[in-house]
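**Student:** Using numbering that gives the first Met the number 0, you'd call the opening residue of the sequence shown number 0 and step up by one each time.
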Amino acid sequence: MSKPTTGDFTKTAGWLDWYSGPAKPRFQLPAGAVDAHCHVFGPGAEFPYAPERKYTPCDASKHELFALRDHLGFARNVIVQATCHGADNRAMVDACRASGGMARGVATVRRSITDDELQELHEAGVRGVRFNFVKRLVDFTPKDELMEIAARIAKLGWHVVIYFEAVDLPELWDFFTALPTTVVVDHMGRPDVSLPVDGPQFALFERFMREHPNVWSKVSCPERLSVTGPKALNGEQNAYTDVVPFARRIVEQFPDRVLWGTDWPHPNL
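This is how it looks when you write it as structure tokens:
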């Protein structure tokens, strides 16, 4: 059954809704496990989608996120501001406040945000900001504006999440390495998994992490990185076999700087 988008919104044509009946994983999660990358979408009638958005999703509420958390056996969530909400953080903040202390948030902010507004976000549970460089998802923001924001949130002890595609890392290297905070990379820097794991593109990302101990990586988003897709295309028993070598490389080299997340509700598949 198609999931709704409430309010005066129409889903992007061809939008693939999230699945509401996942099986319980056979893997027993360790106590205190955190889903370190997930989102909430709307509901649009309560938290309207941003006029500048590049896509309109189906609604994915805090209640549905928390139900998934409990079903899978996680203890906590890190809720990352979705690009469909722009810099209007109300849906994410509402979810953090409703979590009973079981969630933290990562916001999108503009240069115009006041110190009082940053403090309000902090009190709601926000502990980071996200800088998005994926051109098909967001409009360009000048790097000097982002660096100014990074300097301000560093005083609060927050971190910066960076979202980019692997081909853009050379261009962004100097900016990323100048950030004055802990830096968390979304989805292993979105490598092209059709290229060799030992090739120059992923080697540059490994070097980025190796030379900068303040950089962490999320091992996440195989469903969007994969070319071969989930299991059974060729009889294999494990999903996303083309992504696994990249994830394994990061986990083995940087085991104390790795995060994992569901990426629920799986936007833009």
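The C-beta atom is built at its ideal place from N, Cα and C for all residues, glycine as well.
Just so it is clear, the structure is predicted and the values come from calculations on it, not from any experiment.
In the DSSP assignment, find the unbroken beta strand (DSSP E) run with Val133 in it and report its ends.
**Tutor:** Mapped onto the sequence shown, residue 133 falls at position 134. No beta strand (DSSP E) holds Val133; DSSP gives it neither H nor E.
**Student:** Is Asp87 helix, strand or coil when you go by DSSP?
**Tutor:** To locate residue 87, count along the sequence shown from 1; it is residue 88. Coil.
**Student:** In terms of residues, what are the limits of the alpha helix (DSSP H) holding Lys142?
**Tutor:** To locate residue 142, count along the sequence shown from 1; it is residue 143. Run containing Lys142: Lys142 to Ala153, per the alpha helix (DSSP H) assignment.
**Student:** Give the straight-line distance between the Cα atoms of Phe73 and Trp172, rounded to the nearest whole angstrom.
**Tutor:** Locating residue 73 in the sequence shown gives position 74, counting from the first residue. Locating residue 172 in the sequence shown gives position 173, counting from the first residue. So the two alpha carbons sit approximately 34 Å from each other.
**Student:** Extract the residue ranges of the beta strand (DSSP E) inside the segment 202–266, only unbroken runs of 3 or more that lie entirely within it.
**Tutor:** The qualifying runs are 214–218 and 257–259.
**Student:** Let's see if you can read the secondary structure: which residues bound the alpha helix (DSSP H) around Ala66?
**Tutor:** As a first step, residue 66 is located in the sequence shown; it is residue number 67 there, counting from the start. Its alpha helix (DSSP H) spans residues Lys61 to Leu71.
**Student:** Go through its chain and collect everything with a Cβ distance to Asn131's Cβ below 7 Å, but skip five positions before and after it.
**Tutor:** Within the sequence shown, the letter at position 132 stands for residue 131. So the list reads Thr82, Val137 and Tyr162, once near-sequence residues are dropped.
**Student:** Take the Cβ of Pro169 as the centre, count every other Cβ of all protein chains shown within 10 Å, and call the residue buried at 16 or more, exposed below.
**Tutor:** For the purposes of this step, residue 169 is identified with residue 170 of the sequence shown, where counting begins at 1. The residue in question, Pro169, is exposed, as its Cβ has fewer than 16 Cβ neighbours within 10 Å.
**Student:** Looking at the unbroken alpha helix (DSSP H) that takes in Asp173, where does it start and where does it end?
**Tutor:** What you label residue 173 is simply residue 174 of the sequence shown in a count that begins at 1. Residues Leu168 to Ala177.
**Student:** Check each candidate in Val183, Gly104, Asp58 and His38 and name the one with the smallest Cα separation from Thr5.
**Tutor:** As a working mapping, residue 5 is identified with position 6 in the sequence shown. Thr5 has its Cα closest to that of Asp58, out of Val183, Gly104, Asp58 and His38.
**Student:** Inspect the beta-carbon positions of Ala49 and Gln80 and report whether they are closer than 8 Å.
**Tutor:** For the purposes of this step, residue 49 is taken as the residue at position 50 of the sequence shown. For the purposes of this step, residue 80 is taken as the residue at position 81 of the sequence shown. No, these two residues do not count as a Cβ contact at 8 Å.
**Student:** Short of 6 Å in beta carbon distance, which residues of its chain neighbour Glu51, apart from the five on each side in sequence? Order them along the chain.
**Tutor:** For the purposes of this step, residue 51 is taken as the residue at position 52 of the sequence shown. These residues qualify, in order along the chain: Gly85.
**Student:** In whole angstroms, what separates the C-alpha of Ser216 from that of Val39?
**Tutor:** What you label residue 216 is simply residue 217 of the sequence shown in a count that begins at 1. What you label residue 39 is simply residue 40 of the sequence shown in a count that begins at 1. If you take the alpha carbons of Ser216 and Val39, they lie about 21 Å apart.
**Student:** For Val250, which of Met187, His62 and Asp16 has the nearest alpha-carbon?
**Tutor:** Numbered from its first residue, the sequence shown carries residue 250 at position 251. Here the closest residue by C-alpha is Met187.
**Student:** Could you name the residues of the same chain whose beta carbon sits closer than 8 Å to that of Gly156, not counting the 5 residues immediately before and after it, in chain order?
**Tutor:** In the sequence shown, counting from the first residue as 1, residue 156 sits at position 157. Excluding residues within five positions, the ones whose Cβ falls inside 8 Å are Arg126.
**Student:** Nearest by alpha-carbon distance to Lys53: which of Phe26, Thr11 and Asp16 is it?
**Tutor:** Here residue 53 corresponds to residue number 54 of the sequence shown, with the count starting at 1. Nearest option by C-alpha distance: Thr11.
**Student:** Report buried or exposed for Ala94, applying the criterion of at least 16 other Cβ atoms within 10 angstroms of its Cβ.
**Tutor:** Residue 94 sits at position 95 when you count from the first residue of the sequence shown. Ala94 comes out buried.
**Student:** Smallest Cα separation from Arg96: which of Arg256, Ile78, Gln252 and Thr261?
**Tutor:** Residue mapping note: residue 96 aligns to position 97 of the sequence shown, counting from 1. The option with the nearest alpha carbon to Arg96 is Ile78.
**Student:** Bridge partners for Phe40 per DSSP, in chain order?
**Tutor:** On the sequence shown, position 41 is the one that residue 40 refers to. Paired residues: Ala59.
**Student:** From the DSSP output, read off the bridge partner residues of Val196.
**Tutor:** If you number the sequence shown from 1, residue 196 lands on position 197. The partner list for Val196 (beta bridge, DSSP) is empty, contrary to what the question assumes.
**Student:** Would you say Phe46 reaches chain C, if we count a Cβ-Cβ gap shorter than 8 Å as a contact?
**Tutor:** Of the protein chains in the structure, only one exists, and it is not chain C.
**Student:** Drop a sphere of 10 angstroms on the beta-carbon of Lys61, count the other beta-carbons inside from all chains shown, and report buried for 16 or more, exposed for fewer.
**Tutor:** For this step, residue 61 is matched to residue 62 along the sequence shown. Label assigned to Lys61: buried.
**Student:** Could you spell out the range, first to last residue, of the beta strand (DSSP E) harbouring His158?
**Tutor:** Locating residue 158 in the sequence shown gives position 159, counting from the first residue. Taken as a continuous stretch (DSSP letters only), the beta strand (DSSP E) holding His158 covers His158 to Tyr162.
**Student:** Look up Ile78 in the DSSP assignment and give the residues it is bridged to.
**Tutor:** For this step, residue 78 is matched to residue 79 along the sequence shown. Note: Ile78 sits in a beta bridge opposite Cys37 and Gly104.
**Student:** Between the segment 23–31 and the segment 200–210, are three or more C-beta pairs nearer than 8 Å?
**Tutor:** No, they do not touch.
**Student:** Just checking my contact of Thr227 with Thr240 at CB under 8 Å: how many whole Å lie between their CB atoms?
**Tutor:** Locating residue 227 in the sequence shown gives position 228, where the first residue counts as 1. Locating residue 240 in the sequence shown gives position 241, where the first residue counts as 1. Rounded, the Cβ-Cβ distance is 6 Å, consistent with contact.
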